[in-house]
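In my numbering, the protein residues as written are 5 to 310.
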């Protein structure tokens, strides 16, 4: 049997209320040479029954079950079982536009077969939609190349739902199970260092904002945990020799400052004053110049204005 052109990997855990939409968006693709691998990370709801309904009627859909090991292990399981020439990802609460695979296929055929490809995405909350423009566009050179790839992609990674990579790369890169809040930053940065990155001028992925979405925390408690864990994981990541030089770049500094200030704001809002002061001291020790920058009084004002 000939391998499909695309393998699409969806990790899922207790997303029975969303998984149908994600699957239907793959089935609706105008380009049809694909396989869909859905990796169930130990769901306890009726996720399995829903997926099996689809896999029985469409041989391109495969269901893989594993004991709960979290999202990185689930995506790696999908990578290990993928047979397509190119690998794409989708989260179980998001969806593709109908032309998502088609624009990748056309780009690959146009001479980008060995590139690390990614699209723009649309942030969607209820009826509100907004196209997200990646902040690293300014780093591209006139010839389409990108200098200091790791320095740019580690803090400004495209969402993994938007990427497409040659299947040969799966032998060289995987999701690090140590990270649960920054695993996509690490994965995409490594991919971009192995193959030339190329962004398509198409927004073909809907990323839905809702209460159950860990990447878009809506309560103060969720937000505090999200930013705190990202801060911890980014700090840990640059201890790796692979990323050591990134810690000295302005892009990394900007990312860390953003995380620190978000943690401080949410701690203060939650009236955790001792933790607020401790985090602020930690931030200033990490970046003493912040104390004398124009951003410091802005932060103080934001803390006390409410």
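Each residue gets a CB set at the ideal place from its N, CA and C atoms; glycine is no exception.
Over what stretch of residues does the beta strand (DSSP E) that includes residue i continue unbroken?
| i | result |
| --- | --- |
| residue 305 | Note, residue 305: premise wrong, no beta strand (DSSP E); alpha helix (DSSP H) at 299-308. |
| residue 120 | 120-129 |
| residue 132 | 132-136 |
| residue 169 | 167-170 |
How is the alpha helix (DSSP H) around residue i delimited, first residue to last?
| i | result |
| --- | --- |
| residue 254 | 254-273 |
| residue 190 | 187-198 |
| residue 289 | 277-290 |
| residue 59 | 51-61 |
| residue 28 | 23-31 |
| residue 109 | 104-113 |
| residue 117 | First-last for residue 117: undefined, no H or E at that position. |
| residue 76 | 75-85 |
By Cβ distance below 6 Å, which residues in the same chain neighbour residue i in space, the five residues on each side in sequence not counted?
| i | result |
| --- | --- |
| residue 83 | 174 |
| residue 134 | 127 |
| residue 25 | 99 |
| residue 29 | 99 and 100 |
| residue 250 | 154, 155, 158, 242 and 256 |
| residue 218 | Since pLDDT at residue 218 reaches only 46, below the 50 mark, its modelled position is unreliable, and no value is offered. |
| residue 211 | 98, 125 and 127 |
For residue i, count the other beta carbons within 10 Å of its own beta carbon; 16 or more makes it buried, fewer makes it exposed. Which is it?
| i | result |
| --- | --- |
| residue 305 | exposed |
| residue 244 | exposed |
| residue 299 | exposed |
| residue 296 | exposed |
| residue 130 | exposed |
| residue 60 | exposed |
| residue 293 | exposed |
| residue 45 | buried |
| residue 79 | buried |
| residue 309 | exposed |
Thinking just about the alpha-carbon of each residue, which of the options is nearest to the one in residue i?
| i | options | result |
| --- | --- | --- |
| residue 88 | 52, 99, 38 and 281 | 38 |
| residue 265 | 253, 59, 14 and 283 | 283 |
| residue 124 | 165, 49 and 69 | 165 |
| residue 67 | 90, 43 and 78 | 43 |
| residue 232 | 205, 287 and 250 | 287 |
| residue 7 | 55, 50, 60 and 91 | 91 |
| residue 234 | 277, 263, 250 and 247 | 263 |
| residue 170 | 237, 181, 212 and 86 | 86 |
| residue 72 | 198, 16, 178 and 275 | 16 |
| residue 33 | 161, 104 and 62 | 104 |
| residue 241 | 54, 190 and 57 | 190 |
| residue 96 | 54, 192, 247 and 303 | 54 |
| residue 102 | 227, 35 and 278 | 35 |
| residue 303 | 203, 261, 158 and 276 | 261 |
| residue 186 | 161, 65 and 250 | 161 |
| residue 110 | 157, 168 and 254 | 168 |
| residue 183 | 75, 40 and 114 | 75 |
| residue 257 | 268, 239, 194 and 267 | 239 |
| residue 247 | 22, 209, 10 and 193 | 193 |
| residue 206 | 136, 31, 177 and 285 | 136 |
| residue 3 | 252, 291, 307 and 178 | Residue 3 lies beyond the residue range present for the chain, which begins at 5 and ends at 310; the question has no answer from this structure. |
Classify residue i as helix, strand or coil using the three-state DSSP reduction.
| i | result |
| --- | --- |
| residue 240 | helix |
| residue 249 | helix |
| residue 155 | helix |
| residue 208 | strand |
| residue 70 | strand |
| residue 213 | coil |
| residue 44 | strand |
| residue 221 | Model confidence at residue 221 stands at a pLDDT of 47, short of 50, so the residue's coordinates are unreliable; what they give is reported in the following sentence. Here residue 221 sits in coil by DSSP. |
| residue 311 | Residue 311 cannot be examined here, being either before or after the span of the chain that is shown, 5 to 310. |
| residue 96 | coil |
| residue 10 | strand |
| residue 160 | coil |
| residue 90 | strand |
Which residues in the same chain as residue i place their Cβ atom closer than 7 Å to its Cβ, once the five residues preceding and following it in sequence are excluded?
| i | result |
| --- | --- |
| residue 18 | 47, 48, 49 and 51 |
| residue 81 | 43, 68 and 70 |
| residue 118 | 170 and 199 |
| residue 22 | 96 and 97 |
| residue 188 | 161, 163 and 164 |
Does any heavy atom of the ligand ADP sit closer than 8 Å to the C-beta of residue i?
| i | result |
| --- | --- |
| residue 154 | Absence of the ligand ADP is noted for the structure shown, with no ligands found whatsoever. |
Here's a check: name, in chain order, each residue in its chain whose Cβ is nearer than 8 Å to the Cβ of residue i, leaving out the five neighbours to either side.
| i | result |
| --- | --- |
| residue 180 | 76, 187, 190 and 191 |
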